[in-house]
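Here the sequence shown stands for residues 5 to 122, numbered as in my numbering. The beta carbon of each residue, even a glycine, is placed where N, CA and C say it ideally should be. All of these numbers come straight from a predicted model, not from anything done at the bench.
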Amino acid sequence: QVQLVESGGGLVQAEGSLRLSCAASGIIFSINDMGWYRQAPGKQRELVAVITKGGSANYADSVKGRFTISRDNAKNTVTLQMNSLKPEDTAVYYCKARVESTRYLEIWGQGTLVTVSS
């Protein structure tokens, strides 16, 4: 089995910063894309940022210039540094990875809540 475990969510004031981490564990031969998604109350889950195995990153327009995604391939981790947070960034943030294990898997973490107060 392969699982993703997120950490780093919490409550922060507007303009503050938070750092989310996600670690993959289990039988892992390789991890392709890793990404962060979020779901605010009453809204659909949306892509925040994604990073390829080679390190190429793409961001949602709403977070460009404020969030940075990075990964450590040796440790099977992905991190989301969030700066200049806004109340509209409040959501449950989910990590997602495409993993080559004993079979190809697309897996999600359990989610971590980020709350930004005004």
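- Its chain contains Ala18, Val120 as the residues whose beta carbon lies nearer than 7 Å to that of Lys90, once the 5 sequence neighbours on both sides are disregarded; these appear in chain order.
- Closest option to Cys99, judged by alpha-carbon separation, among Ser88, Asn87, Arg75, Thr106: Arg75.
- When DSSP states are grouped into helix, strand and coil, Glu19 belongs to the coil group.
- Taking one beta carbon from each stretch, the stretch 6–20 and the stretch 105–113 have 3 or more pairs nearer than 8 Å; the two touch.
- The beta carbon of Thr81 sits closer than 8 Å to the beta carbons of Ser25, Cys26, Ala27, Ala28, Arg75 from its chain, once the five residues preceding and following it are set aside; these are given in chain order.
- By the C-beta density criterion, Asp65 is exposed, having fewer than 16 other C-beta atoms within 10 angstroms.
- Residue pairing by DSSP places Ser25 opposite Ser11, Thr83 in a beta bridge.
- Within the DSSP secondary-structure output, Gln43 pairs in a beta bridge with Val96.
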